[in-house]
Amino acid sequence: MTYCLAINVDNGLVFCSDSRTNAGVDRVSTYSKMYRFGVENERQFVVLSAGNLGTTQAVVSRLKRDIKEEAETSLLTMETMSDAAEYLGEINRAQQEKHADNTSGANFEASFIIGGQIRGDKPRIMMVYPAGNHITTSKDTRYLQIGESKYGKPILDRILTAKTDLHTSALCSLVSMDSTMRTNLTVGPPIELALYETDSFSLQHNRFDEDDEYLRELKKAWDARLVEAFVQLPPIDWRPESPDGPSEA
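Just so it is clear: in the sequence shown, position 103 is 344 by the working numbering, and no numbers are missing.
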């Protein structure tokens, strides 16, 4: 399974992804699901992937090949982030269509998040569906998720706004990832975290392995604060029953 997350706030973008692709009693496989492309002072992209591993690797290989061969169409020739999402969607759809007649019953679908900034365009994040179409964030929804999304949503919905600073947004992404890993063991480290400050045209990147001390401290602190907050909740105000017993609807 996979969990990838991208956050868009006023002063930049945050990207977070796990690296576990297969979990079982005696086998755990890990592959990076975060890919970075860019030209200093001109454009920066981060691509997150989820779905069939063969499809995602083929799509990313094509992105890299188009850049290396200086193709007429590549991430380095896109004029807007929307153009970049369309280009990624076309490659994704083409790779899936190669296996459209496969009779094994395997699912070759893949989803992506692409985010970043091209000089002259504002920073944006977009989710690219298997069909090739894409969506972006809104003023009310500051993040996009692919993969195992449900367990990591509550902290994002409660904390994130357009004005949230990048440091807080990065912490939200790691807590969201921790909540997902706690509930779904098929999502796991190494965890990758990337930070992009608006108009900087450079990326900060961290990788946290399974035994990373910071991740352990973050998890311990979050668990303790949750318990502390819970015990401080206002007590339930139990209403006394009427002499005749509970009322009937």
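Where a beta carbon is used, it is the ideal one built from N, C-alpha and C, also for glycine.
| query | Which residue's Cα is closest to the Cα of Val255: Arg466, Phe471, Met367? | reply | Here the closest residue by C-alpha is Met367.
| Which stretch, first to last residue, makes up the alpha helix (DSSP H) that contains Ile376? | Ile376 -> not in any alpha helix (DSSP H); beta strand (DSSP E) instead, spanning 375-377.
| query | Quick one: what's Arg261 bridged to in DSSP? | reply | Thr271
| request: Closer than 6 Å by C-beta to Glu320: which residues in its own chain qualify, once you throw out the five before and the five after it? Chain order, please. | output: none
| request: Just grab the DSSP bridge partners of Asn282 for me. | output: Its beta-bridge partners do not exist; DSSP assigns none.
| message | I believe Asn447 touches Leu434 by the beta-carbon criterion, under 8 Å. Please report the beta-carbon distance rounded to the nearest angstrom. | response | 5 Å
| Straight-line gap, Leu474 to Glu331 (C-alpha atoms, nearest Å) | Taking the straight line from one Cα to the other gives about 50 Å.
| task | On the DSSP bridge assignment, give the partners of Ala247 in chain order. | result | Phe256, Leu385
| What are the start and end residues of the beta strand (DSSP E) that includes Val369? | 365-369
| Alpha carbon of Gln285 to alpha carbon of Glu327, nearest angstrom | 17 Å
| query | Under a Cβ-count criterion, where at least 16 other Cβ atoms within 10 Å of its own Cβ denotes burial, should Arg360 be classed as buried or exposed? | reply | exposed
| query | According to DSSP, is Ala291 helix, strand or coil? | reply | strand
| task | With a 10 Å radius around its C-beta and 16 neighbouring C-beta atoms as the bar for buried, classify Ser414 as buried or exposed. | result | buried
| Where the beta strand (DSSP E) containing Arg448 begins and where it ends | Judged by DSSP secondary structure, Arg448 falls within the beta strand (DSSP E) whose first and last residues are 444-449.
| query | Among residues of its own chain, excluding the 5 on either side of Gly295, which ones have a beta-carbon nearer than 8 Å to its beta-carbon? | reply | Phe349
| query | Leaving out five residues before and five after Gly388 in sequence, what residues of the same chain have Cβ atoms less than 7 Å from its Cβ? | reply | Met242, Thr243, Tyr244, Cys245, Ala291
| query | DSSP on Glu458, reduced to helix/strand/coil? | reply | It is helical.
| Of the residues Arg480, Trp479, Lys394, Tyr370, which one's Cα is nearest the Cα of Thr424? | Lys394
| Cα-Cα, which of Lys339, Gln358, Ala312 is closest to Thr439? | Gln358
| field | Inter-residue spacing [alpha-carbon to alpha-carbon] between Val301 and Gly279 | value | 14 Å
| task | Return the chain-ordered list of same chain residues with a C-beta closer than 7 Å to the C-beta of Phe420, the five sequence neighbours on each side being excluded. | result | Rather than Phe, the amino acid found at residue 420 in this sequence is Ser. Within the same chain, Ser420 has close Cβ partners Tyr392, Gly393, Ile396.
| What are the boundary residues of the beta strand (DSSP E) that includes Glu438? | 432-438
| field | Reference Pro430; option with closest CA among Ala465, Asn249, Ala247, Ser258 | value | Ser258
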